[in-house]
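The sequence shown begins at 1 in the UniProt record's numbering and counts up by one.
Just so you know, even glycine gets a beta-carbon here, dropped at the ideal spot from N, CA and C.
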Amino acid sequence: MLKRVRKRFSELSLTKKFLIVAISIMFIFLLVMNIMIQYHFKNYFISRERQHFTYSLHSILRNRVRFFTFRKSWNENMDFNPLVNILKREKGVIDIILYSAEGKRFYSLISGNKASAPSKSEGLRKALRGEPYFEINDLSNTESYDYLKNVTDARYVQEIYYPVLHKGEVQGVIEVYKDFTDVMNAINNTRYQAAGLTLLGFIIYIAVLSWIVLKIEKHEKELQAEVMKYQKLSLLGQFASKMAHEIGTPIHVIMGNLDLMEDVTEDNVILKRIDSVSRQITKIQTIIKNYLYLSKKPEPARSKFDISELIENVVDDLSFAVSDKIEVKTDTQSCMVFSDSGFIEQVLYNFIKNASDSIGEKNGNIFVKSYKEGDYVVIKVYDDGKGVPEEIKEKLFDPFFSTKKTGKGTGLGLSVCKDLVEALNGEIFYDSEDNYTIFGIKVPVREDVS
Numbered sequence: 001m002l003k004r005v006r007k008r009f010s011e012l013s014l015t016k017k018f019l020i021v022a023i024s025i026m027f028i029f030l031l032v033m034n035i036m037i038q039y040h041f042k043n044y045f046i047s048r049e050r051q052h053f054t055y056s057l058h059s060i061l062r063n064r065v066r067f068f069t070f071r072k073s074w075n076e077n078m079d080f081n082p083l084v085n086i087l088k089r090e091k092g093v094i095d096i097i098l099y100s101a102e103g104k105r106f107y108s109l110i111s112g113n114k115a116s117a118p119s120k121s122e123g124l125r126k127a128l129r130g131e132p133y134f135e136i137n138d139l140s141n142t143e144s145y146d147y148l149k150n151v152t153d154a155r156y157v158q159e160i161y162y163p164v165l166h167k168g169e170v171q172g173v174i175e176v177y178k179d180f181t182d183v184m185n186a187i188n189n190t191r192y193q194a195a196g197l198t199l200l201g202f203i204i205y206i207a208v209l210s211w212i213v214l215k216i217e218k219h220e221k222e223l224q225a226e227v228m229k230y231q232k233l234s235l236l237g238q239f240a241s242k243m244a245h246e247i248g249t250p251i252h253v254i255m256g257n258l259d260l261m262e263d264v265t266e267d268n269v270i271l272k273r274i275d276s277v278s279r280q281i282t283k284i285q286t287i288i289k290n291y292l293y294l295s296k297k298p299e300p301a302r303s304k305f306d307i308s309e310l311i312e313n314v315v316d317d318l319s320f321a322v323s324d325k326i327e328v329k330t331d332t333q334s335c336m337v338f339s340d341s342g343f344i345e346q347v348l349y350n351f352i353k354n355a356s357d358s359i360g361e362k363n364g365n366i367f368v369k370s371y372k373e374g375d376y377v378v379i380k381v382y383d384d385g386k387g388v389p390e391e392i393k394e395k396l397f398d399p400f401f402s403t404k405k406t407g408k409g410t411g412l413g414l415s416v417c418k419d420l421v422e423a424l425n426g427e428i429f430y431d432s433e434d435n436y437t438i439f440g441i442k443v444p445v446r447e448d449v450s
C-alpha cells in the first residue's frame with residue numbers, strides 16, 4: 001500500500017507535489033494549533049484556580065486562630081464542619097473530602113464522617129508528598145465517579161488535592177471536586193469557533209493555492225508545448241532545407257525536359273498537360289520554400305496576376321485529387337492582384353484538399369467564391385462536410401494541430417497558410433453558414449495596402 005502511494009506520488013508533477021505537501025503542512029499546523037488552544041486554555045484556568053484556592057486556604061488556616069488547630073492536630077476525631085462550611089462557599093463545589101497523613105479518607109461533605117481505605121489517586125499521592133495537585137477531567141475519569149454521578153449532573157470537574165502542612169510535615173490532605181462544566185463548555189466553544197475559522201481559512205488557502213498551482217501547471221504545459229513546437233519547426237526546417245537541396249536537381253531536369261517537350265509538340269491537349277505539370281512542379285518548389293520559412297517569416301515574391309484565373313487553374317489542377325462524388329463549383333470575379341501567386345495557390349490548395357477530406361467518400365459539394373472588397377480581394381471555400389467542432393476552432397491555425405487520423409495529416413497545412421497570408425498583410429478566417437463550413441482569406445490587391 002505504502003509503495004503504491006509512493007509510486008503515485010513520484011509520478012505527480014512538481015507543482016502537484018508542492019500542493020499536496022503545502023496542504024499537509026498547513027493541515028498539521030491547524031490541527032496542532034487547535035490542540036494547543038485547548039491545552040493553554042485548560043492550563044490557564046488550572047493556574048488561576050491554583051492561585052485562588054491556595055490564597056483562600058492559606059487565609060483560612062493562617063489568619064483565623066480558631067482554625068490553626070486543624071493544621072496542628074489533623075485526625076478523624078475533629079469537627080471539620082467550620083472549615084468545610086467556609087470551603088463549600090467556593091463556586092461550583094460538589095464535594096469536599098479530607099484525608100489523614102496516611103491517605104485514609106475520613107470525611108466527605110456528601111457522605112459525612114465515613115472512613116474508607118487509602119485512596120490510590122495520583123493526585124492524593126502527590127499531595128501526601130507535599131505537592132498541590134490541580135486537574136480538570138471528565139467526571140467519568142475521576143476516582144469518585146461511582147458516587148459523584150448520583151449527586152451531580154456535571155460533565156467536567158476540577159480535582160484539587162491540597163496538602164495541609166505544619167512545620168513542613170504533611171498533616172493531611174483536602175480534596176475538592178468543583179463543577180467545571182461551564183468553563184470547559186466555554187473553552188470547547190472557543191475551540192469550535194477557532195476550528196471553524198481555521199477550517200474556513202484552510203479551505204480558502206487550499207482554493208487559492210490550488211488556483212495558483214493550476215495556473216503555474218497550465219503555464220508550464222504551455223511553455224513545454226511551445227518548446228516542443230519550436231523543436232519540431234526547427235527539425236522540419238532542417239529537413240526542408242535538405243529536401244530542397246536534394247530535390248532541386250531532379251526538378252530542374254524535369255523542368256528542362258518539359259520545356260523541350262513543349263517545343264516539339266503542337267498538340268493542345270499535351271500542351272495543356274505540360275502546362276499543368278509545370279505549374280505543379282513550380283508549386284512543389286514553392287511548398288518546399290515555404291516550409292523553409294517555418295522558422296522565419298515568409299518572404300513573398302509579388303507579381304501581377306488575375307485572381308479569377310489563378311482560382312480556375314488551382315481547381316483544374318486538383319480535379320484528379322478530388323473524388324468523383326464531389327462537385328466543385330466556382331464563382332469568381334476577375335480582379336488584377338499584385339501579390340505572391342504561389343502563396344495564394346498553396347492556401348487554396350490546402351483549403352480545397354481539406355474540404356475534400358472533410359466530405360470523404362460521400363456525395364458532397366465544394367464551392368469557391370472570390371470578390372473584391374475595397375482594396376482587398378476575398379476568397380472563400382465552402383464545403384458541406386462534417387464541419388469543425390466548436391471546442392477546437394481556436395486551435396485550427398496552430399502548428400501541428402490536426403483533426404485527421406494519425407498518418408493523414410501533419411497539422412502544418414493551416415498553420416503554414418496562416419503564415420503565408422499574414423506575410424501578404426492579409427488575414428485568414430473560419431466561418432460556418434447554412435450547414436456549410438467556410439475557410440477564407442482576405443488579401444490586399446496592392447503591396448501598399450495594409
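Discussion item. Three Cβ pairs or more, each shorter than 8 Å: is that satisfied between the region 251–262 and the region 300–309?
Written reply: no
Worksheet item: Does the beta-carbon distance from alanine 127 to tyrosine 162 come in below 8 Å?
Response: yes
Worksheet entry | Beta-carbon proximity of isoleucine 438 to lysine 380, cut-off 8 Å | yes
Worksheet entry | Cα-Cα separation between leucine 424 and leucine 209, rounded to whole angstroms | 46 Å
Discussion item. Going by DSSP in three states, isoleucine 333 sits in which element: helix, strand or coil?
Written reply: Correcting the residue type first, residue 333 is glutamine in the shown sequence and not isoleucine. Coil at glutamine 333, not helix or strand.
Fill in: Cβ distance (whole Å) where aspartate 375 is taken to contact proline 444 below 8 Å
6 Å
Worksheet item: What is the rounded straight-line gap between the Cα of lysine 408 and the Cα of valine 388?
Response: With a pLDDT of 49 at lysine 408, under the threshold of 50, the modelled position of this residue cannot be trusted; read the value that follows with caution. Answer to the nearest angstrom: the Cα atoms are 17 Å apart.
Practice prompt. Mind the definition here: the region 160–180 touches the region 189–199 only if three or more C-beta pairs lie below 8 Å; say whether that holds.
Written response: no
Discussion item. I'd like the list of long-range same chain contacts for arginine 66, defined as Cβ closer than 8 Å, with 5 residues on each side in sequence excluded.
Written reply: Because arginine 66 sits at a pLDDT of 49, beneath the cut-off of 50, its placement in the model cannot be relied upon, and the following sentence gives the value as read from the coordinates. The answer, listed in chain order, is Pro82.
Worksheet item: What are the complete beta strand (DSSP E) segments, minimum 3 residues, inside the region 127–190?
Response: 133–138, 156–166 and 169–179
Discussion item. Taking a contact to mean a Cβ-Cβ separation below 8 Å, would you say glutamate 143 touches serine 121 in this structure?
Written reply: yes
Worksheet entry | Three-state class that DSSP yields for leucine 424 in the structure shown | coil
Worksheet item: What does glycine 364 pair with, by DSSP beta-bridge criteria?
Response: Ile326
Item to complete: With a threshold of 16 other CB atoms inside 10 Å of the CB of phenylalanine 320, please say whether the residue is buried or exposed.
Response: Label assigned to phenylalanine 320: exposed.
Worksheet item: Is DSSP giving aspartate 340 helix, strand or coil here?
Response: coil
Worksheet item: For leucine 19, is the classification buried or exposed, using 16 other Cβ atoms within 10 angstroms of its Cβ as the cut-off for buried?
Response: buried
Worksheet item: Tell me which same chain residues have a C-beta within less than 7 Å of the C-beta of threonine 406, skipping the five on either side of it?
Response: With a pLDDT of 45 at threonine 406, under the threshold of 50, the modelled position of that residue is not reliable, and the figure given next carries that caveat. Correct list: empty, nothing qualifies.
Item to complete: Can you tell me which of Glu217, Ile270 and Gly360 puts its alpha carbon nearest to the alpha carbon of phenylalanine 16?
Response: Per the sequence shown, the amino acid found at residue 16 is lysine instead of phenylalanine. Nearest option by C-alpha distance: Glu217.
Worksheet item: Applying the criterion that 16 or more other CB atoms from any shown protein chain within 10 Å of the CB defines a buried residue, is glutamine 51 buried or exposed?
Response: Its Cβ having fewer than 16 others within 10 Å, glutamine 51 is exposed.
Discussion item. With distance defined between alpha-carbon atoms, name the residue in Glu90, Asp79 and Trp74 nearest to glutamate 102.
Written reply: Trp74
Item to complete: Going by DSSP, name the residue or residues bridged to valine 378.
Response: Valine 378 pairs with Tyr371 and Lys442.
Discussion item. With H, G and I counted as helix, E and B as strand and the rest as coil, what does DSSP make of lysine 16?
Written reply: helix
Practice prompt. Please classify aspartate 331: is it buried, with 16 or more other beta-carbons within 10 angstroms of its beta-carbon, or exposed?
Written response: exposed
Worksheet item: Taking just the CA atoms, how far does cysteine 417 sit from histidine 219?
Response: 27 Å
Discussion item. Quick check on DSSP: helix, strand or coil for threonine 282?
Written reply: The answer is helix: DSSP assigns threonine 282 an H, G or I state.
Worksheet item: Would a C-beta distance cut-off of 8 Å place isoleucine 94 and tyrosine 177 closer than the cut-off?
Response: yes
Worksheet item: Taking three-plus beta-carbon pairs below 8 Å as touching, is the region 25–38 in contact with the region 184–192?
Response: yes
Discussion item. Quick check on tyrosine 349: buried or exposed, where buried means 16 or more other Cβ atoms within 10 Å of its Cβ?
Written reply: buried
Worksheet item: By Cβ distance below 6 Å, which residues in the same chain neighbour lysine 442 in space, the five residues on each side in sequence not counted?
Response: Tyr376, Val378, Gly426 and Glu427
Fill in: Which listed residue (Leu87, Lys362, Phe27 and Ile344) has its alpha carbon closest to that of lysine 325
Lys362
Discussion item. Is it buried or exposed, glycine 413, if we count other Cβ atoms within 10 angstroms and call 16 or more buried?
Written reply: buried
Practice prompt. Can you tell me which of the three DSSP states threonine 410 falls into?
Written response: Here the model assigns threonine 410 a pLDDT of 45, short of 50, so the residue's position is not dependable and the matter cannot be decided.
Item to complete: Could you give the DSSP three-state label for lysine 418: helix, strand or coil?
Response: helix
Worksheet item: What are the start and end residues of the beta strand (DSSP E) that includes threonine 97?
Response: Per the sequence shown, the amino acid found at residue 97 is isoleucine instead of threonine. Run containing isoleucine 97: 93–100, per the beta strand (DSSP E) assignment.
Item to complete: Measure the beta-carbon distance from isoleucine 366 to valine 328 and round it to whole angstroms, keeping in mind my assumption that it falls under 8 Å.
Response: Indeed, because the Cβ distance is near 5 Å, the residues count as touching under 8 Å.
Practice prompt. Name the residue from Glu175, Met33 and Asp146 whose alpha carbon lies nearest to the alpha carbon of valine 84.
Written response: Glu175
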